[in-house]
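Under the working numbering, the residues of the sequence shown are numbered 2 to 534, in order.
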Amino acid sequence: KKSQDRPAIAEHICNILKDRERRNKASKGRKYQKLSRNAKLVLSNGGPSVKWFQSFFAHHAKRISQKVPVAVEKKRLAQYTEDNVVEHVHAPAGLVQTLRSAGIMDEDGKIIHPVLNRDESPQFVDFNTLRGNNIRRLVASSGESAVLPKQENRECVSIDVTMSLDGFMFGPHIIIARECLTESCAPDEVAVFDDCINEKLKYSTHSLISNNQCGVQTGPTLLQRSHLLDRELAARGTVRPVVEMTDNHDSRYDDDMMQFCEEKQIIKWSEKANTSGIFQALDQVNHQLHSEYNKGVREFKKLRKTQLAMRYHRKVDESEVKVNATDFLRIFCDIWFTWSTVMDRKIAWRRVGIMQECIAPDEINREHFVVHAGPEVKDSVPLSFADFSGSPEGVRKGTPEYFKRKLAAIRALGQEWETFETTPMLRGILEVRSVPPLPPKPSKGRLSDNNGSFSFNEVRKKKAAKKQAEQDARQETEFRALQQDLAKKQRDAEITATAAAKQQKLEALKHAWESEALIAAFKAAGGGDGGAD
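In structure tokens, the structure reads:
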């Protein structure tokens, strides 16, 4: 529909017509397809007219439409084929055989034990959150670019998600790149994770936060996640064994983790490399998690902007608001229980061909397949109507048999054209071209001394215990200071009393000395003969 796209479409149309001309010259007879007058005109003009494009899209509005292309990694796109679907489901080590050998699927194809899916998804704390209609429109002069300043935080956090075939969402596992856990990893919002199982709403409030050098899943962090999963399965009363579908990054499947899963009857099963986009249920809904988080970041910035404006009594722009790891946890706690519903998760399982009643490969989402499943590939297009214009052989023209055979031939041609589907295998139909590939500072107080994993509840308790210990230490310090002050005052009072007693004694001695001196002077004056009486 857009004028900038028409040259590319016109080039494809001309290539198809040129290929038909070459085939007409190379092969005569029944494969010959004469170009119509309009086709020759299109070929001579180098493409259809604008009016033709308008008419074409108007007549086929229900069959075709323009869409925004979805970026898919080239090596993954090459694996999205029907052959891999068959191998994924029916291979000797495929999904069906794995479920049956583990006793999870019965002979009728019904899944009687839980099937899980676990996947990690990286999430920037605050980067590239403005997309599509969320981008603010700015006015700028012609030839000048419009620049929108903003704060970014490209720190990446791994979110480990696990869900069950019945739509149950297990507790989250957060992996951050830290030397140790600090108080900033336990904001007040993490109190929603209180280590419980809610079967009615199909979610768990258990949680786990891990820190390591890289901030991605490793063997030790996955082992801790498996411990948490074992506790959650036990709390739900789940019958073992269970199958956990996951990706095939072998770097995290160390001996300790695999031994633990074997003891707890948690069977790890992964699909072929680079096919998780069509065979993993979580890959069908992970975009909702990122979308909800980015929405939460935008709303958080608006709220923080208003708070700063009220605090400093001035206008605050969103570019002054920065989101840190503590804010990430606050936003995550707000969106975790609402980013997907039970129905969303069940639909995700169906889009990878797995349902409680059966395994249905036909339900696998094929919208990104380069080659779709279709009818048997034919060497040439169906015959034209001109091939049936002549008289049937061995029948006299005008007889009932003549018309009967001719009608049967026309019906056969109509059915052939009705079931015919253009496939990319036909030369000239489709050419696949390769494409070259100012917030408050978070607390730094340590809650752990090395790498490890803890539930949000444990981290919250550690933070509360540390605060209580600090409060007790402050009270002890204040009590000691008060005791020292009282002791000092008591010593000062004793010193004052001692000084007063000493002064009183000196005064008495002085008075006695003065009295003796007066008597001696009186006697010396001769006043002592007559009697002192």
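In this text, a Cβ means the ideal position worked out from N, Cα and C, and glycines have one as well.
What you are looking at is a predicted structure, and each value in this text was computed from that prediction instead of being measured.
Residue i to residue j span [Cα, whole Å]
i	j	result
H89	R226	26 Å
I17	S37	14 Å
M356	A349	10 Å
N287	C359	24 Å
S205	S271	24 Å
K76	T99	26 Å
Y294	A141	31 Å
S516	Q485	46 Å
C334	F280	28 Å
L510	F480	45 Å
G527	A501	40 Å
E156	P188	18 Å
R138	A282	37 Å
L408	G415	11 Å
H250	T163	16 Å
V243	S66	43 Å
H291	R312	31 Å
G429	T82	Here the model assigns G429 a pLDDT of 48, short of 50, so the residue's position is not dependable, and the following value carries that caveat. Roughly 21 Å separates the two Cα atoms.
D345	A11	41 Å
I336	N154	19 Å
L42	V148	48 Å
R315	C215	40 Å
K347	L117	12 Å
S146	R299	24 Å
H512	T478	50 Å
D284	V343	16 Å
Three-way DSSP call (helix, strand, coil) for residue i in this model
i	result
P8	helix
L117	strand
H373	Reliability of the predicted coordinates at H373 is poor, the pLDDT of 49 falling under 50, and the value obtained from them is presented with this limitation in mind. Correct three-state label for H373: coil.
K269	strand
V162	strand
D127	strand
A521	helix
M356	coil
E200	coil
N295	helix
S211	strand
R346	helix
G415	helix
I336	helix
H314	coil
H13	helix
T478	helix
A361	coil
E156	strand
S341	coil
H174	strand
8 Å contact criterion, which residue i and residue j should meet: CB distance rounded
i	j	result
M258	G297	Rounded, the Cβ-Cβ distance is 32 Å, inconsistent with contact.
P150	I160	Not really, about 28 Å apart at Cβ, beyond 8 Å.
N212	I177	5 Å
L223	R253	5 Å
Q469	K273	That belief does not hold up - the Cβ atoms of Q469 and K273 are roughly 52 Å apart, past 8 Å.
Y403	R397	6 Å
R21	Q34	6 Å
C-beta atoms of residue i and residue j nearer than 8 Å
i	j	result
I1	S454	Any property of residue 1 remains undetermined from this structure, which presents the chain solely from 2 to 534.
E190	L330	yes
F301	V324	yes
Q289	S208	no
R7	F57	no
L44	I112	no
I14	P49	yes
Pick from the options that is closest to residue i, judged by C-alpha positions
i	options	result
R119	F171, V460 and V43	F171
S122	H60, G278 and D251	G278
A326	K41, S185, E293 and R367	S185
Q266	E459, P115 and T499	P115
N85	R23, V353, R21 and Q218	V353
K201	D231, F169, Q124 and A282	F169
D195	K462, L408, C262 and T339	K462
E245	I175, Q218, S66 and L96	L96
L78	I520, K398, N46 and H369	H369
K464	T183, R64, S143 and K26	T183
D193	Q472, G104, N458 and Q218	Asp is not the amino acid found at residue 193; the sequence shown has Val there. The candidate whose alpha carbon is nearest that of V193 is N458.
R351	R367, G104, K68 and A62	R367
V158	F125, G144 and A147	F125
F338	A59, K203 and A235	K203
R241	C181, P362 and C262	C262
Contact with chain C by residue i, beta-carbon distance below 8 Å
i	result
G95	The chain inventory of the structure shown lacks chain C, comprising one protein chain alone.
Residue i CB to nearest heavy atom of the ligand FMN below 7 Å
i	result
A27	With respect to the ligand FMN, the structure shown offers nothing to examine, as it has no ligands at all.
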